[in-house]
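Student:
Residue numbers (my numbering): 6 to 472.
1. Between 190, 35 and 68, which lies nearest to residue 23 when the distance is taken from Cα to Cα?
2. Once DSSP output is grouped into helix, strand and coil, what is the label at residue 251?
3. Do you know whose CA, among 93, 95 and 150, lies nearest residue 205's CA?
4. Can you tell me whether residue 71 is buried or exposed, with buried defined as 16 or more other CB within 10 angstroms of its CB?
5. Is it buried or exposed, residue 107, if we count other Cβ atoms within 10 angstroms and call 16 or more buried?
6. How long is the line joining the alpha carbons of residue 127 and residue 120, rounded to whole angstroms?
7. Between residue 282 and the rest of its own chain, which residues show a CB-CB distance below 6 Å, the 5 nearest in sequence each way excluded?
8. Which residues bound the beta strand (DSSP E) around residue 96?
9. Going by DSSP, what residue range makes up the beta strand (DSSP E) through residue 296?
10. Output the distance between the C-alpha atoms of residue 406 and residue 134, rounded to the nearest integer angstrom.
11. Am I right that residue 225 and residue 111 are in contact with their C-beta atoms under 8 Å? What's the rounded C-beta distance?
12. Quick one: residues in its chain with C-beta nearer than 6 Å to the C-beta of residue 105, no 5 flanking neighbours on either side, listed in chain order?
13. Cα separation between residue 380 and residue 137?
14. DSSP three-state label for residue 173, please.
15. Just to confirm the assignment, what range does the beta strand (DSSP E) spanning residue 79 have?
16. Under the DSSP definition of a beta bridge, which residues are partnered with residue 262?
17. Is the number of C-beta pairs between the region 328-337 and the region 417-433 that are closer than 8 Å three or more?
18. State the Cα-Cα distance for the pair residue 348 and residue 36, rounded to the nearest angstrom.
19. Go ahead and label residue 242 buried or exposed: buried means 16 or more other beta carbons lie within 10 angstroms of its beta carbon, across all protein chains shown.
20. Please give the ranges of any alpha helix (DSSP H) in the region 376-446, keeping only runs that are unbroken, at least 4 residues long and fully inside the region.
21. Where do the ends of the alpha helix (DSSP H) carrying residue 204 lie?
22. Considering only their Cβ atoms, is the gap separating residue 272 from residue 184 smaller than 9 Å?
23. Give me, in chain order, the residues of the same chain whose beta-carbon lies closer than 7 Å to that of residue 354; leave out the 5 immediate sequence neighbours on both sides.
24. Can you tell me which residues form a DSSP beta bridge with residue 274?
25. For residue 315, does the three-state DSSP call read helix, strand or coil?
26. Check this for me: beta carbons of residue 147 and residue 53, under 9 Å apart or not?
27. If you measure between the beta carbons of residue 231 and residue 115, is that distance less than 9 Å?
28. Helix, strand or coil for residue 346, going by three-state DSSP, please let me know.
29. Compare the Cα-Cα distances from residue 122 to each of 102, 50 and 212 and report the closest residue.
30. On the DSSP bridge assignment, give the partners of residue 107 in chain order.
31. Touching or not, the region 388-399 and the region 320-327, by the rule of three or more beta carbon pairs under 8 Å?
32. Give every residue of the same chain whose Cβ lies closer than 6 Å to the Cβ of residue 410, excluding the five residues on either side of it in the sequence, and list them in chain order.
33. Give the range of the beta strand (DSSP E) segment to which residue 52 is assigned.
34. Use the C-beta contact count for residue 298: other C-beta atoms within 10 angstroms, 16 or more gives buried, fewer gives exposed.
35. For residue 363 and residue 154, what's the separation of their Cα atoms in angstroms?
36. Let's test the definition: count the other Cβ atoms within 10 Å of the Cβ of residue 19 and tell me whether it reaches 16, buried, or not, exposed.
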């Protein structure tokens with residue numbers, strides 16, 4: 006008989022052993038702010054939580070009265086992850102500071118507002134309970150990574166710039182040009198830029214606006230009904246450089262977006278810039294937006310040629326031209342303010358033709374000759390994150406796509422005006438366009454002059470704390 010003692014074995018389920026007794030959890034709860042742990046808003050299908058690893062599964066079984074290997078947690082559409090975690094914590098009786106919830110390669114931050122997150126748009130939601138000591142293991146095996154390109158870049162041993170560009174970017178129907186070397190070098194730099202942007206989102210969702218830019222552009226290209234592989238070549242030519250937004254209670258207040266569309270047929274490109282401001286004040290609404298573009302036909306150099314220092318492009322400088330601009334006059338102030346539209350259209354028929362020819366070779370031999378100018382103009386809007394439909398028939402619909410949760414919806418208010426001007430610039434106006442009447446013309450009678458000048462003089466917006 007050996008006198009050697011057996012080595013001490015570590016606890017098999019260390020995480021599960023952290024489960025508090027009912028009395029211990031009651032004391033813990035009294036010392037913790039859990040005021041908002043109840044569901045908020047309409048009821049939804051419960052979240053199914055399963056364990057990541059044996060230890061987490063053991064903890065769930067211990068917490069489940071039926072001994073099942075999952076726990077269901079209620080949630081509401083305007084919940085935060087913290088509130089959901091607090092409801093789960095009440096069942097687990099394991100302090101939430103030592104675990105997190107995860108799914109689809111993303112560890113969910115307690116501060117996340119779940120409404121609109123991709124995981125919570127699913128009909129059946131399943132999340133993983135990940136103990137803190139298993140976090141590194143989960144991320145090393147599952148961390149979400151993003152890809153912008155659809156097609157894998159081709160390989161060419163050729164020293165000819167056109168052949169290299171054609172192979173790398175799967176270009177269609179190319180022809181000789183002295184600018185292919187600049188195109189290849191510049192687009193290669195642009196692709197490195199988007200890769201750096203995507204790397205910032207490892208382990209989390211893409212910025213909603215960035216996702217919308219990609220999805221909107223892809224959908225517009227899909228509407229052209231050209232073969233799918235050719236669609237992919239066009240979509241892969243979209244590169245976002247700037248996409249900054251400021252959000253207020255789910256609405257976009259400010260946006261600054263710049264993207265570039267590389268031609269799939271020529272050594273050329275078109276830049277798109279979108280600036281947006283919409284803020285509701287006590288007595289008025291601040292609103293201004295403008296869409297601009299710049300044509301590079303051909304690309305002038307291997308440099309990306311982006312505005313320096315994050316400065317905003319200006320119409321008439323460095324090739325920038327106005328597509329359209331919308332806004333509301335900021336006068337008169339206070340109670341006398343009324344929404345007076347300010348609208349300016351910049352895109353002319355010659356401009357639409359130049360943009361279209363810069364992106365798509367219009368010669369009869371071109372494989373993309375069926376892509377028309379209306380589709381090209383819609384691509385420019387989509388490249389800025391504006392999914393916009395333009396009717397081709399008298400009973401067709403104009404405007405932004407129907408609002409969907411987690412989709413940025415711009416308060417443009419002039420969808421019909423934008424669409425009819427696109428048709429006009431593309432030479433395909435509808436009969437109904439001649440009957441268009443600006444909104445301001447209809448609204449003039451709805452805003453009579455305020456004759457009570459004494460009230461206006463007594464009102465001081467600076468004294469109003471909500472102004």
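Even glycine gets a Cβ: it sits at the ideal position worked out from N, Cα and C.
Tutor: The short version:
1. The residue given as residue 23 occupies position 18 in the chain shown. Restricting attention to 190, 35 and 68, the CA atom closest to the CA of residue 23 is found in 68.
2. Position 246 of the chain shown, counted from the start, is the residue given in the question as residue 251. In the structure shown, residue 251 sits in a strand (DSSP, three-state: E or B).
3. Residue mapping note: residue 205 aligns to position 200 of the chain shown, counting from 1. Ranking 93, 95 and 150 by Cα distance to residue 205 puts 150 first.
4. Numbered from 1 along the chain shown, position 66 holds the residue referred to as residue 71. So residue 71 counts as exposed.
5. Along the chain shown, one-based indexing puts residue 107 at 102. The residue in question, residue 107, is buried, as its Cβ has 16 or more Cβ neighbours within 10 Å.
6. Residue numbering aside, residue 127 sits at position 122 when the chain shown is read from its first letter. Residue numbering aside, residue 120 sits at position 115 when the chain shown is read from its first letter. Computed Cα separation, rounded: 11 Å.
7. The count along the chain shown starts at 1 and reaches residue 282 at position 277. Here residue 282 has 259 and 293 as same chain residues with Cβ atoms under 6 Å from its own Cβ, once five neighbours each way along the sequence are excluded.
8. As a position in the chain shown, residue 96 is number 91, starting the count at 1. Per DSSP, residue 96 is not a residue of any beta strand (DSSP E); the alpha helix (DSSP H) it occupies stretches across 86-97.
9. Along the chain shown, one-based indexing puts residue 296 at 291. Where residue 296 is concerned, the enclosing beta strand (DSSP E) stretches over 290-301.
10. As a working note, residue 406 is residue 401 in the chain shown. As a working note, residue 134 is residue 129 in the chain shown. Going from the Cα of residue 406 to the Cα of residue 134 covers about 37 Å.
11. Here residue 225 refers to the residue found at position 220 of the chain shown. Here residue 111 refers to the residue found at position 106 of the chain shown. The Cβ separation is near 28 Å, so there is no contact.
12. For the purposes of this step, residue 105 is taken as residue 100 along the chain shown, with counting starting at 1. Within the same chain, residue 105 has close Cβ partners 112 and 135.
13. As a position in the chain shown, residue 380 is number 375, starting the count at 1. As a position in the chain shown, residue 137 is number 132, starting the count at 1. Straight-line measurement puts the Cα of residue 137 at about 50 Å from the Cα of residue 380.
14. Here the question's residue 173 lines up with position 168 in the chain shown. Residue 173: helix per DSSP, three-state reduction.
15. Here residue 79 is taken as the residue at index 74 of the chain shown, counted from 1. Annotation for residue 79: no beta strand (DSSP E) segment contains it, and DSSP assigns it neither H nor E.
16. As a position in the chain shown, residue 262 is number 257, starting the count at 1. Residue 262 is bridged to 248 and 279.
17. Judged by Cβ distances under 8 Å, the region 328-337 makes contact with the region 417-433, as three or more pairs qualify.
18. Position 343 of the chain shown, counted from the start, is the residue given in the question as residue 348. Position 31 of the chain shown, counted from the start, is the residue given in the question as residue 36. When rounded, the distance between both Cα atoms is 57 Å.
19. Here residue 242 refers to the residue found at position 237 of the chain shown. Residue environment: residue 242 is assigned as buried (16 or more neighbouring CB atoms within 10 Å of its CB, all protein chains considered).
20. If you keep only unbroken alpha helix (DSSP H) runs of at least 4 residues inside the region 376-446, you get 378-388 and 420-430.
21. Walking along the chain shown from the start, residue 204 turns up at place 199. First-last of the alpha helix (DSSP H) with residue 204: 185-204.
22. Taking the chain shown and counting its residues from 1, the one referred to as residue 184 is at position 179. Taking the chain shown and counting its residues from 1, the one referred to as residue 272 is at position 267. Yes, Cβ-Cβ distance for residue 184 and residue 272 is below 9 Å.
23. One-based indexing of the chain shown puts residue 354 at position 349. The residues are 430 and 432.
24. On the chain shown, residue 274 is found 269 positions in, with the first residue counted as 1. Answer by DSSP bridge pairing, in chain order: 267 and 301.
25. In the chain shown, residue 315 corresponds to position 310, counting from 1. Helix.
26. What you label residue 147 is simply residue 142 of the chain shown in a count that begins at 1. What you label residue 53 is simply residue 48 of the chain shown in a count that begins at 1. No.
27. Translated into the one-based positions of the chain shown, residue 231 becomes position 226. Translated into the one-based positions of the chain shown, residue 115 becomes position 110. No, Cβ-Cβ distance for residue 231 and residue 115 is not below 9 Å.
28. The residue given as residue 346 occupies position 341 in the chain shown. In this structure, residue 346 counts as strand in the three-state DSSP scheme.
29. Numbered from its first residue, the chain shown carries residue 122 at position 117. If we check each option's Cα against that of residue 122, 212 comes out closest.
30. By 1-based counting over the chain shown, the position of residue 107 is 102. Bridge partners of residue 107: 112 and 133.
31. The answer is no - the region 320-327 does not touch the region 388-399, with fewer than three Cβ pairs under 8 Å.
32. Here residue 410 refers to the residue found at position 405 of the chain shown. Its pLDDT being 41, under 50, residue 410 is placed unreliably by the model, and the measurement read from it follows with that caveat. Answer for residue 410: 121, listed in chain order.
33. The residue you call residue 52 lines up with position 47 of the chain shown. Counting along the chain, the beta strand (DSSP E) containing residue 52 begins and ends at 52-56.
34. Indexing the chain shown from 1 puts residue 298 at position 293. Buried: at least 16 other Cβ atoms inside 10 Å.
35. Sequence index remark: in the chain shown, residue 363 carries index 358 (1-based). Sequence index remark: in the chain shown, residue 154 carries index 149 (1-based). Cα to Cα, the separation comes out at about 22 Å.
36. Counting from one through the chain shown, the residue named residue 19 turns up at place 14. Flag for residue 19 reads exposed.
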